[in-house]
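Report on one structure; see the data block that follows.
Number of protein chains: 2
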Amino acid sequence: MSVTHYEDDARFAAALDRILLLTVMLNDDMNRGLAADGLTPSRTSLLWTLRRIGPCPQKAIAAAMKISPRTVTGLVDGLVATGFVTREPSPADRRAVLVTFTGKGTAAVDSLIEQQREFGRQLFATMPPERLAGLEAGLDDVLATLHALGLRSPF
Amino acid sequence: MSVTHYEDDARFAAALDRILLLTVMLNDDMNRGLAADGLTPSRTSLLWTLRRIGPCPQKAIAAAMKISPRTVTGLVDGLVATGFVTREPSPADRRAVLVTFTGKGTAAVDSLIEQQREFGRQLFATMPPERLAGLEAGLDDVLATLHALGLRSPF
DNA sequence: TCCTCATAGTGAGTCACGCTCACTATCGTA
DNA sequence: TACGATAGTGAGCGTGACTCACTATGAGGA
């Protein structure tokens, strides 16, 4: 099992390098796009989470994003100041607030979804179907391997 | 050309989602690993850059990493304090310093390389060769498309 | 009822990292 | 020599992550 195969190793390393390069490039590109909308990466992540779990107390956002409640306070401060969300009183618990989208916030998230959809078209529309299928199969395999290694999806 | 194909769109979006999920998971995992070595992501990036371009003045590091010279000062401060690099006087220019690996710094980078290689083995060693080939072809296609869209590799 | 413990959120303080602006020291050239 | 360009840093700001201590409120039990 532990016999070393140098050629395979080099091939695996090259494949991993491609994935990591893609990782860096996509991250950079997405963050550039966000700044144009007046959003930071973390605030955008919060909006995305809020869309998924709906209006909720900050505690729930902290749990969903796996960050501290104190950090959520700061992010919500910024999003309130820039008009993407509001803090509404919780009818059930006077200690809690319900973080809620404004119209601007809803529009921003809808815009992000459409941008991502358009980006998907740009990336894949010209790709031969069998190559896309091969890519999807490879990605699924990698994700399954990561899962088996103990890495869990953040969602 | 601009006829909308909803099913294709959904498939493209799903493929992009997979890539972005992989992006997030790999980033998280690598950053977790770094902290164990007493390194932050940015300091690690600097070490990686330094390995690529060799001992050099901070100005060159700033250019290679596309960050400001002032930020490099701070990162090098941290790496000097934790013993990964030293600032050596430049023989050619008394204004400049040469950022240079210590033994600990060299060992840390070698360790990172080996960790990455091992990770590649874990990800791909059990993958059927034709599936790996399909993944590589798909990734190359995506990277080429990104290049055509104007996104450039940071290296 | 009242006391206690748990919970939601925030103030204060810390650290990493990105930035700009102003400054010193040095280089290179006219 | 004198002047403009260059290498690096001090000062200060903004974002975003953390912990710890604190207030206000909720929920039960004695």
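Sequences listed follow chains A and B, in order. No gaps in the numbering here: position 114 of the first sequence is 95 in the working numbering, and each next residue is one more. No gaps in the numbering here: position 127 of the second sequence is 108 in the working numbering, and each next residue is one more. Even glycine gets a Cβ: it sits at the ideal position worked out from N, Cα and C. All of these numbers come straight from a predicted model, not from anything done at the bench.
Subject >> Simplified DSSP state of B:L20, which is helix, strand or coil >> reply: Counted from its first residue, the second sequence places residue 20 of chain B at position 39. B:L20: coil per DSSP, three-state reduction.
Original post:
Quick one: is B:Q96 near chain A, going by C-beta distance under 8 Å?
Top reply: Residue numbering aside, residue 96 of chain B sits at position 115 when the second sequence is read from its first letter. In terms of beta-carbon proximity, B:Q96 stays away from the interface with chain A, with every pair separated by 8 Å or more.
Original post:
How is A:T25 classed by DSSP in three states: helix, strand or coil?
Top reply: Taking the first residue of the first sequence as 1, we reach residue 25 of chain A at position 44. Helix.
Original post:
Would you say B:I48 faces chain A, with C-beta separation under 8 Å as the test?
Top reply: Along the second sequence, one-based indexing puts residue 48 of chain B at 67. Not an interface residue.
Original post:
Mind listing which residues of the region 2 to 33 of chain B have their C-beta closer than 9 Å to chain A's C-betas, in chain order?
Top reply: L2, L3, T4, V5, M6, L7, N8, D9, D10, M11
Original post:
Can you check whether the CB of A:I42 is closer than 8 Å to the CB of A:T30?
Top reply: Residue 30 of chain A sits at position 49 when you count from the first residue of the first sequence. Residue 42 of chain A sits at position 61 when you count from the first residue of the first sequence. Yes, these two residues count as a Cβ contact at 8 Å.
**OP:** Give the residues of chain B in contact with A:A45, contact being defined as C-beta atoms less than 8 Å apart.
**Re:** Taking the first sequence and counting its residues from 1, one reaches residue 45 of chain A at position 64. Chain B residues near A:A45: none, gap ~14 Å exceeds 8 Å.
Original post:
Which two residues bound the contiguous alpha helix (DSSP H) that contains A:T126?
Top reply: Your numbering for residue 126 of chain A matches position 145 in the first sequence. It spans 110 to 129 - the alpha helix (DSSP H) in which A:T126 sits, taken as one unbroken run.
**OP:** Run the CB neighbour count on A:G19, radius 10 Å, all protein chains shown included, and call it buried at 16 or more, exposed below.
**Re:** Along the first sequence, one-based indexing puts residue 19 of chain A at 38. Under this definition A:G19 is an exposed residue.
Subject >> C-alpha gap between B:T112 and B:S92, whole angstroms >> reply: Locating residue 112 of chain B in the second sequence gives position 131, where the first residue counts as 1. Locating residue 92 of chain B in the second sequence gives position 111, where the first residue counts as 1. Reading off the sequence shown, one finds Arg at residue 112 of chain B, where the question assumed Thr. Using only the alpha carbons, I get a separation of about 29 Å.
Original post:
In chain A, what lies closer than 9 Å to B:I42 by C-beta?
Top reply: As a first step, residue 42 of chain B is located in the second sequence; it is residue number 61 there, counting from the start. Within chain A, no residue comes near B:I42; the closest Cβ sits about 17 Å away, beyond 9 Å.
Original post:
Can you pull the DSSP bridge partners for B:E69?
Top reply: Locating residue 69 of chain B in the second sequence gives position 88, counting from the first residue. DSSP, once it has assigned bridges, lists B:L79 as partnering B:E69.
**OP:** With distances taken Cα to Cα, identify the nearest neighbour of A:F144 among B:K47, B:G59, B:L132, B:G115.
**Re:** In the structure as shown, chain A begins at -18 and stops at 136. Residue 144 of chain A is therefore absent and cannot be evaluated.
**OP:** Determine the contact status of A:I0 and B:L3, defining contact as a CB-CB distance below 8 Å.
**Re:** On the first sequence, residue 0 of chain A is found 19 positions in, with the first residue counted as 1. On the second sequence, residue 3 of chain B is found 22 positions in, with the first residue counted as 1. Taking 8 Å as the Cβ cut-off, A:I0 and B:L3 qualify as a contacting pair.
**OP:** Assuming B:L56 contacts B:S23 (C-beta within less than 8 Å), just tell me the rounded distance between them.
**Re:** Walking along the second sequence from the start, residue 56 of chain B turns up at place 75. Walking along the second sequence from the start, residue 23 of chain B turns up at place 42. Separation of the CB atoms of B:L56 and B:S23 is rounded to 6 Å, and the pair is thereby assigned contact status at 8 Å.
Original post:
B:K40 lies in the alpha helix (DSSP H); which residues open and close that run?
Top reply: On the second sequence, position 59 is the one that residue 40 of chain B refers to. That run of the alpha helix (DSSP H) goes 39 to 46.
Subject >> Start-to-end residues for the alpha helix (DSSP H) that takes in A:D91 >> reply: The sequence position of residue 91 of chain A within the first sequence is 110, counting from 1. 84 to 105 is the span of the alpha helix (DSSP H), which, as asked, contains A:D91.
Original post:
How is the alpha helix (DSSP H) around A:L56 delimited, first residue to last?
Top reply: Counted from its first residue, the first sequence places residue 56 of chain A at position 75. Segment 50 to 62, the alpha helix (DSSP H) holding A:L56.
Subject >> B:L104, buried or exposed, once every other Cβ within 10 Å from all chains shown has been counted against 16 >> reply: Position 123 of the second sequence holds residue 104 of chain B. Of the residues assessed, B:L104 falls on the buried side of the cut-off, its CB having 16 or more other CB atoms within 10 angstroms.
Original post:
Is A:G101 close to chain B, meaning its C-beta is less than 8 Å from at least one C-beta of that chain?
Top reply: Counting from one through the first sequence, the residue named residue 101 of chain A turns up at place 120. Yes, contact with chain B.
Original post:
Any beta-carbon of chain B closer than 8 Å to the one on A:V90?
Top reply: The residue labelled residue 90 of chain A in the question sits at position 109 within the first sequence. Not one chain B Cβ lies under 8 Å of A:V90.
Original post:
Beta carbon of A:V61, beta carbon of A:S71: below 8 Å?
Top reply: Here residue 61 of chain A refers to the residue found at position 80 of the first sequence. Here residue 71 of chain A refers to the residue found at position 90 of the first sequence. No, they are not a contact pair.
Original post:
Should B:E117 be labelled buried (16 or more other beta-carbon atoms within 10 Å of its own) or exposed?
Top reply: Taking the second sequence and counting its residues from 1, one reaches residue 117 of chain B at position 136. The Cβ neighbour count for B:E117, taken over all protein chains shown within 10 Å, is at least 16; the residue is labelled buried.
Original post:
Would you say A:S71 faces chain B, with C-beta separation under 8 Å as the test?
Top reply: In the first sequence, residue 71 of chain A corresponds to position 90, counting from 1. It does not: the Cβ of A:S71 has no partner Cβ on chain B nearer than 8 Å.
**OP:** Please classify B:G(-7): does DSSP put it in a helix, a strand, or coil?
**Re:** For the purposes of this step, residue -7 of chain B is identified with residue 12 of the second sequence, where counting begins at 1. Correcting the residue type first, residue -7 of chain B is Phe in the shown sequence and not Gly. Residue state, collapsed to three classes: helix.
**OP:** Show which residues of chain A have a CB atom less than 9 Å away from the CB atom of B:A62.
**Re:** As a first step, residue 62 of chain B is located in the second sequence; it is residue number 81 there, counting from the start. Correct list: empty, because the minimum Cβ distance to chain A is about 26 Å.
**OP:** Look up A:R133 in the DSSP assignment and say whether it is helix, strand or coil.
**Re:** If you number the first sequence from 1, residue 133 of chain A lands on position 152. A:R133 falls in the coil class under three-state DSSP.
Original post:
Which value, in whole angstroms, describes the spacing of the CA atoms of B:T52 and B:A44?
Top reply: Along the second sequence, read from residue 1 onward, the residue named residue 52 of chain B stands at position 71. Along the second sequence, read from residue 1 onward, the residue named residue 44 of chain B stands at position 63. When rounded, the distance between both Cα atoms is 11 Å.
Subject >> With 16 other Cβ atoms within 10 Å as the buried cut-off, status of B:D122 >> reply: Along the second sequence, one-based indexing puts residue 122 of chain B at 141. Counting Cβ neighbours within 10 Å, B:D122 comes out buried, since at least 16 surround it.
Subject >> Proximity of A:Q97 and B:A(-6) at Cβ, strictly below 8 Å >> reply: By one-based count along the first sequence, residue 97 of chain A stands at place 116. By one-based count along the second sequence, residue -6 of chain B stands at place 13. Closer than 8 Å, so yes.
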